[in-house]
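In full-length UniProt numbering, the protein residues as written are 1 to 730. Report on one structure; see the data block that follows.
In structure tokens form, the structure reads like this:
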């Protein structure tokens, strides 16, 4: 017998008796877990392992019965010799009983798909039953079937596996009409009176509290509230919501489903699982709402996130405010450039790698993971993609697009911005025109739209003349270097013809009059093809055919004998914006080379030198710095014209005069001067304008890559992770 005071002994006995009465047939192993609620001095005296508890139980044979070597029951007999003997006899018969037929009992524990029944006759035992065994499995949930704790049932059962809470497993369970199980031992039944809450279905309430990421709904006619997360609102709307107050307001009525909150100390008793309707806020698709119908899934367009977990074939992305939301993605959802395949996701992703992705509401949402990614792109250097508008520290919009067509539109827009439609031959904010001091004059037009670019960000090739052999040519890209030295050449906006196309990829033959190598074949995957600015989701052979003309961006890298072509963007029609492409720095690392990066386009120094040689020395206006000032004064003086000399004219250059219906933009700042202000006259050649735009695009693109490289090198020391691109070329 174990030592200890009588008070401690009685405390332990009563504690064990109450636990066994609440959980008939509980195993001794599970009882050890309940002992943590006892005072430490009692646990120290009697021990907390299985053998110690077994010895304690065996000291009270008039109270506890151990069946099947491990299952503990409380006897129904009193402390008399007669009943004790009966109990012992019954204990022997209990071990021999293997089936129950037509036995009656009461439900003492109930869950959604299973429950437990306490039986007192013909033996004292517990029975496990499942949703399938209850009333022929006609219910979808035990909680919604109307079955309550304490309800009487009749059952058939057989002995179940060992080491289970209940000795028997029911094969048939049916309710007794009237709800009572008339058994000989009803008066001593230990069934607990625990309240069970059924889930809320199609309940209505009003928003009581609203935060950026969550809120609380007060239920109608009840002093209870339900918690909801922004993810449920996004699923209802089918799109991302930056902050809930942007779409909801306090007092809005919501119809929803909810489950009981597992956190019993929380403010909200319920947690919203599904939203059916929101007052004055339509769901993601039009049409009448069907009761209980599922909302059609929407998408999150180009959300940013971090890799939370990665396995060989799948992973999870964390995103949203404080990275509270989760999205599942599969290996097949990852978009890789041509010639790259993924055999295992850890080859491409590491924990805390930044990615761009599109997602839809998951068809099987869990408490944490409610989204399923449809497309995932690797984002090496930051959350913003190429060509996305941003804002500077002052909140002003900053022009970040490096697309030459966008820059051409911007230049033309700024040229036309100050045109007075009611006044002919007038320049707003100017009354005279003075000649420029030299061709080194900085034209101040786009300073508020273009970021400063240092010339050293874009190293020039050894022979810049290869880029400008003919002023009249439209030099879309420069030739592939013929030397065996390591090099990388970037081609942007090249054009070519589709030679071969399949469901999942194609080959383009690129030819250009400025390309001395004749032609170059570039392979691409379907995932990088865009039509009119929208990524194509159909099979590639359905939208492209042999001989079709396309535009593309690609890089050609050489580490000596080996040459690698990288193409991340092919399009027809409007050039797409914000497409994630591999940076030249990453391409260098991919090829394991260190070389200056050549861009298949002219630099500002080349363009300035060429114009100086052509004799373009034009006049500029003295008041151009005020052309974008919203408070400028209007002037109706017609400026005098001054045609250029014959030496200043060029067959493809501007006429040399600034006509009265255009004003020179204010402040282009590109790290070095841009030829002359004559480039921005209204008679400017489209060819020259396109070349200027291309130069700006190349410099801006180089700046963006340099900024991303700087940002990417700063990592949280605590994560101890490294930025990873695509796999190394085998």
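A virtual CB, placed ideally from N, CA and C, is assigned to each residue, including glycine.
Using CA coordinates, which residue listed in the options is at the minimum distance from residue i?
{"i": "residue 201", "options": "359, 309, 255, 494", "result": "255"}
{"i": "residue 579", "options": "510, 377, 69, 72", "result": "377"}
{"i": "residue 36", "options": "19, 24, 566", "result": "19"}
{"i": "residue 41", "options": "223, 8, 34, 53", "result": "8"}
{"i": "residue 369", "options": "277, 245, 235", "result": "235"}
{"i": "residue 276", "options": "238, 243, 264, 267", "result": "238"}
{"i": "residue 506", "options": "520, 493, 141, 524", "result": "524"}
{"i": "residue 171", "options": "246, 264, 100", "result": "100"}
{"i": "residue 533", "options": "577, 493, 358, 360", "result": "577"}
{"i": "residue 546", "options": "125, 503, 566", "result": "503"}
{"i": "residue 348", "options": "139, 307, 365", "result": "307"}
{"i": "residue 67", "options": "173, 147, 161", "result": "161"}
{"i": "residue 358", "options": "127, 375, 211, 141", "result": "375"}
{"i": "residue 575", "options": "127, 584, 57, 493", "result": "493"}
Residue j and residue i - do their beta-carbons sit closer together than 9 angstroms?
{"i": "residue 107", "j": "residue 17", "result": "no"}
{"i": "residue 491", "j": "residue 587", "result": "no"}
{"i": "residue 556", "j": "residue 572", "result": "no"}
{"i": "residue 731", "j": "residue 156", "result": "Residue 731 is absent from the structure shown; the chain starts at 1 and stops at 730."}
{"i": "residue 248", "j": "residue 207", "result": "yes"}
{"i": "residue 544", "j": "residue 564", "result": "no"}
{"i": "residue 541", "j": "residue 501", "result": "yes"}
{"i": "residue 175", "j": "residue 152", "result": "yes"}
{"i": "residue 498", "j": "residue 548", "result": "yes"}
{"i": "residue 125", "j": "residue 24", "result": "yes"}
{"i": "residue 271", "j": "residue 259", "result": "yes"}
{"i": "residue 268", "j": "residue 329", "result": "no"}
{"i": "residue 199", "j": "residue 273", "result": "yes"}
If you drop the 5 nearest sequence neighbours on each side, which residues of the same chain put their C-beta closer than 7 angstroms to that of residue i?
{"i": "residue 192", "result": "In this predicted model, residue 192 has a pLDDT of only 42, less than 50, meaning its place in the structure is not dependable; the value taken from the coordinates is given anyway. 22, 108."}
{"i": "residue 288", "result": "Note that residue 288 has pLDDT 36, beneath the 50 cutoff, so the model's placement of it is unreliable and no number is given."}
{"i": "residue 383", "result": "Residue confidence is low: residue 383 scores 37 on pLDDT, short of 50, so the model does not pin down where it sits. No coordinate-derived value is stated."}
{"i": "residue 60", "result": "13"}
{"i": "residue 6", "result": "none"}
{"i": "residue 159", "result": "98, 167, 168"}
{"i": "residue 251", "result": "206, 207"}
{"i": "residue 717", "result": "Legend: pLDDT at residue 717 = 34, less than 50; position of this residue unreliable, no value from coordinates given."}
In its own chain, which residues sit with a C-beta less than 6 angstroms from the C-beta of residue i, not counting the 5 before and 5 after it?
{"i": "residue 209", "result": "215, 216"}
{"i": "residue 325", "result": "231, 319"}
{"i": "residue 229", "result": "214"}
Taking 8 angstroms as the limit between beta carbons, can you name the residues of its chain near residue i, skipping five residues before and five after?
{"i": "residue 345", "result": "310, 311, 312, 313, 314, 315, 331, 334"}
{"i": "residue 205", "result": "217, 218, 219, 220, 225, 226, 253, 254, 256"}
{"i": "residue 27", "result": "70, 71, 72, 163, 164, 165"}
{"i": "residue 290", "result": "Bear in mind that a pLDDT of 36 at residue 290, under 50, signals an unreliable position, so the number given afterwards is only what the model happens to contain. Closer than 8 angstroms at Cβ, skipping near neighbours: no residue."}
{"i": "residue 49", "result": "32"}
{"i": "residue 30", "result": "23, 165"}
{"i": "residue 731", "result": "In the structure displayed, the chain extends from 1 to 730; residue 731 sits before or after that span and is not available."}
{"i": "residue 568", "result": "337, 528, 553, 554, 579, 580, 581, 582"}
For residue i, write down the residues that DSSP places opposite it in a beta bridge.
{"i": "residue 204", "result": "255"}
{"i": "residue 154", "result": "104, 174"}
{"i": "residue 553", "result": "569"}
{"i": "residue 318", "result": "306, 326"}
{"i": "residue 71", "result": "27, 67"}
{"i": "residue 361", "result": "371"}
{"i": "residue 142", "result": "BP columns for residue 142 are empty, so no partner."}
{"i": "residue 500", "result": "507"}
{"i": "residue 99", "result": "158"}
{"i": "residue 215", "result": "210, 228"}
{"i": "residue 281", "result": "278"}
{"i": "residue 260", "result": "270"}
{"i": "residue 376", "result": "334, 357"}
{"i": "residue 57", "result": "According to DSSP, which records beta bridges pairwise, residue 57 is partnered with nothing at all."}
{"i": "residue 115", "result": "110, 129"}
{"i": "residue 236", "result": "BP columns for residue 236 are empty, so no partner."}
{"i": "residue 524", "result": "506"}
{"i": "residue 534", "result": "531"}
Any 3 or more C-beta pairs closer than 8 angstroms across the segment 108–121 and the segment 131–146: With the cut-off at 8 angstroms, the segment 108–121 and the segment 131–146 touch.
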